[in-house]
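Chemist: Residue 41 is where the sequence shown starts when you use the numbering used here, and the numbers rise one by one after that. Dumping the structure here so I can ask a few things about it.
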Amino acid sequence: MGEALDKARLARRAAPALASAPAEARSRAIRRAAALLRERSAAIVEVNAGDVARSRARGMAEGLVDRLMLDGARVAGIAGAMDEVASQADPLGRVVGGHTNADGLRIEKVVVPLGVVAMIYEARPNVTADAFALCMRSGNACLLKGGSAANASCRAIAAACRDACELEGLPADAVAYIEDDEGHTQTSELLGATGLVDVLIPRGGAGLIQACVQNAKVPTIETGTGNCHVYVHEEADFEKARAIVMNAKTQRVGVCNAAESLLVDESVAEAFLPAMLDELAGAGVLLHADARSRSCAGEAALAHVVEATEDDWGREYLALEMSVKCVSGIDEAIEHINRYGTRHSEAIVTRSYEASEKFLSLVDASCVYVNASTRFTDGGVFGLGGEIGISTQKLHARGPMGADALTTTKFQIRGDGQTR
């Protein structure tokens with residue numbers, strides 16, 4: 041038996057203690073973990089610097105390095121998000137439906153934990169803390185398998201979470217970090233841990249997510265790669281549109297809610313695109329553009345414009361690159377997004393109420409925006425305190441997943457000797 045199955049068995053034994061723990065006990069464990077992160081911030085930043093140096097030496101792209109890197113402010117932000125989760129209302133024990141049937145049975149539908157939640161993720165050390173806090177808030181044990189690039193950082197954060205559980209009288213095995221994964225053996229064990237793992241949530245690039253979805257024998261929630269679009273409608277406010285595009289593309293390129301594609305109505309291409317392409321090129325963005333869009337590029341932008349291929353429409357660049365396409369109108373824009381998007385976050389910029397409502401209604405994505413950047417798709421921004429991932433599927437949960445998304449329901453039936 042490998043490390044993953046060993047720790048999964050321990051987590052399964054710890055899960056009932058969490059499910060029955062009072063809400064305040066679970067909140068105290070989260071707050072204690074946040075306090076330990078603050079106390080150990082310098083040490084965490086130091087081991088993270090080692091992870092960053094090793095990753096850069098291996099050629100990791102800077103957008104991904106940014107996602108890996110921790111400093112004092114980021115550790116403080118992680119701890120603050122944990123405190124916010126700890127202060128949220130307890131999702132457990134809520135009665136979400138009930139009645140007395142004709143036999144006199146009192147039937148209630150009650151919110152309960154999932155049990156054991158497994159996370160497989162890449163170079164994102166903050167996920168370790170977010171997953172612990174959200175699982176603890178929702179009464180779940182968690183198994184964490186981070187990528188090798190962030191191993192030391194994740195191990196340090198997980199150690200603080202385990203210490204917090206012990207200090208607050210909860211089983212330390214309620215959170216476990218799985219380290220050894222030579223040949224992806226431990227990942228394979230998690231994917232096949234039926235009866236031990238109740239749900240698996242992969243978080244990372246398309247390769248990781250698809251490998252988990254296609255090979256897992258345990259229930260899996262698909263979280264999103266983000267081929268996100270900003271569509272500039274013919275009735276857009278150009279100043280707002282430029283600001284939204286620049287924020288969505290350049291504010292932080294290595295995240296799943298960054299925009300990867302710009303769609304512009306042909307009727308306003310000559311009026312909007314020259315300045316927009318200049319601004320993107322000035323920020324260092326490589327533009328993969330169709331013929332109509334390339335014809336609008338001025339001299340300053342031309343050095344940053346290349347011909348788009350079919351592959352570009354579906355790519356998540358996670359870098360200073362963006363595809364650009366002119367469309368005949370909102371119908372083509374919606375058709376293009378629904379064909380090439382990843383069901384993550386999509387935005388329209390328009391002053392037309394009719395166009396905005398059509399876009400909201402017909403675009404198939406977990407988050408659809410009118411006149412706002414796709415960068416807002418985030419559990420913290422949405423008031424969830426944090427997120428364990430952004431689900432792009434439609435069953436069980438969709439969009440940023442907070443503590444509520446890590447629960448299920450069961451029927452509790454009370455009788456007085458009734459038989460059928």
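By construction, the Cβ of each residue, glycine as well, lies at the ideal position given by its N, Cα and C atoms. The structure presented is a predicted model; accordingly, all values stated were derived computationally and were not measured.
Taking 6 angstroms as the limit between beta carbons, can you name the residues of its chain near Lys365, skipping five residues before and five after?
Modeler: One-based indexing of the sequence shown puts residue 365 at position 325. So the list reads Leu303, Asp330, once near-sequence residues are dropped.
Chemist: Considering Ser301, what are the terminal residues of the beta strand (DSSP E) in which it resides?
Modeler: Locating residue 301 in the sequence shown gives position 261, where the first residue counts as 1. 299–305 is the extent of the beta strand (DSSP E) around Ser301.
Chemist: For the candidate residues Gly244, Ser178, Asp203, Arg80, whose alpha-carbon lies nearest to that of Arg107?
Modeler: Within the sequence shown, residue 107 is the residue found at index 67, counting from 1. Of Gly244, Ser178, Asp203, Arg80, the residue nearest in Cα terms is Gly244.
Chemist: Roughly how many angstroms separate the alpha carbons of Asp371 and Cys268, rounded to a whole number?
Modeler: As a working mapping, residue 371 is identified with position 331 in the sequence shown. As a working mapping, residue 268 is identified with position 228 in the sequence shown. Cα to Cα, Asp371 sits roughly 17 angstroms from Cys268.
Chemist: Enumerate, from N- to C-terminal direction, the unbroken alpha helix (DSSP H) stretches of 4 or more residues contained entirely within the stretch 277–332.
Modeler: 278–290, 309–322
Chemist: If you count every other CB in all the chains shown that lies within 10 Å of the CB of Arg71, and 16 or more means buried, which is it?
Modeler: Here residue 71 is taken as the residue at index 31 of the sequence shown, counted from 1. Looking at its Cβ environment, which holds 16 or more other Cβ atoms inside 10 Å, Arg71 is buried.
Chemist: Check the DSSP bridge columns for Ile430 and list the partner residues they point to.
Modeler: The residue given as residue 430 occupies position 390 in the sequence shown. Ile430 is bridged to Pro440.
Chemist: Take the Cβ of Ala323 as the centre, count every other Cβ of all protein chains shown within 10 Å, and call the residue buried at 16 or more, exposed below.
Modeler: Taking the sequence shown and counting its residues from 1, the one referred to as residue 323 is at position 283. Exposed: under 16 other Cβ atoms inside 10 Å.
Chemist: Report yes if the CB atom of Ala315 is closer than 8 angstroms to the CB atom of Arg332, and no otherwise.
Modeler: Residue 315 sits at position 275 when you count from the first residue of the sequence shown. Residue 332 sits at position 292 when you count from the first residue of the sequence shown. Their beta carbons are not under 8 angstroms apart, which means Ala315 does not touch Arg332 by this criterion.
Chemist: Give the secondary structure of Ala359 by DSSP, where H, G and I count as helix, E and B as strand, and everything else as coil.
Modeler: Position 319 of the sequence shown, counted from the first residue, corresponds to residue 359. In the structure shown, Ala359 sits in coil (DSSP, three-state: anything other than H, G, I, E or B).
Chemist: Roughly how far, in whole angstroms, is the beta-carbon of Pro259 from the beta-carbon of Val239, given that I think they are within contact range, below 8 angstroms?
Modeler: Numbered from its first residue, the sequence shown carries residue 259 at position 219. Numbered from its first residue, the sequence shown carries residue 239 at position 199. Right, their Cβ atoms sit about 5 angstroms apart.
Chemist: Counting only the same chain and skipping the five closest in sequence on each side, list residues whose C-beta sits under 8 angstroms from that of Gly144.
Modeler: Reading the sequence shown from its first residue, position 104 is the one you call residue 144. The answer, listed in chain order, is Gly455, Asp456, Gln458.
Chemist: I need the DSSP call for Glu397, collapsed to helix, strand or coil.
Modeler: One-based indexing of the sequence shown puts residue 397 at position 357. Collapsing the DSSP output to three states places Glu397 in a helix.
Chemist: State the DSSP-derived secondary structure class of Pro165, mapped to helix, strand or coil.
Modeler: In the sequence shown, residue 165 corresponds to position 125, counting from 1. Three-state result, Pro165: helix.
Chemist: Under three-state DSSP, which class holds Leu236?
Modeler: Position 196 of the sequence shown, counting from 1, holds the residue named residue 236. Coil, per DSSP.
Chemist: Between Arg355, Leu207, Val421, which lies nearest to Tyr380 when the distance is taken from Cα to Cα?
Modeler: If you number the sequence shown from 1, residue 380 lands on position 340. Nearest option by C-alpha distance: Arg355.
Chemist: Between Arg94, Arg78, Ala126, which lies nearest to Gly117 when the distance is taken from Cα to Cα?
Modeler: As a working mapping, residue 117 is identified with position 77 in the sequence shown. When each option's Cα is compared against that of Gly117, the closest is Arg78.
Chemist: Quick check on Glu375: buried or exposed, where buried means 16 or more other Cβ atoms within 10 Å of its Cβ?
Modeler: Reading the sequence shown from its first residue, position 335 is the one you call residue 375. Exposed.
Chemist: With DSSP as the reference, label Leu76 as helix, strand or coil.
Modeler: Start at 1 with the first residue of the sequence shown, and residue 76 comes out as number 36. Of the three classes helix, strand and coil, the one that applies to Leu76 here is helix, per DSSP.
Chemist: In three-state DSSP terms, what is Cys175?
Modeler: Within the sequence shown, residue 175 is the residue found at index 135, counting from 1. Helix.
Chemist: What residue range does the beta strand (DSSP E) around Gln36 cover?
Modeler: An answer regarding residue 36 cannot be provided, because it is not within the stretch 41 to 460 covered by the chain.
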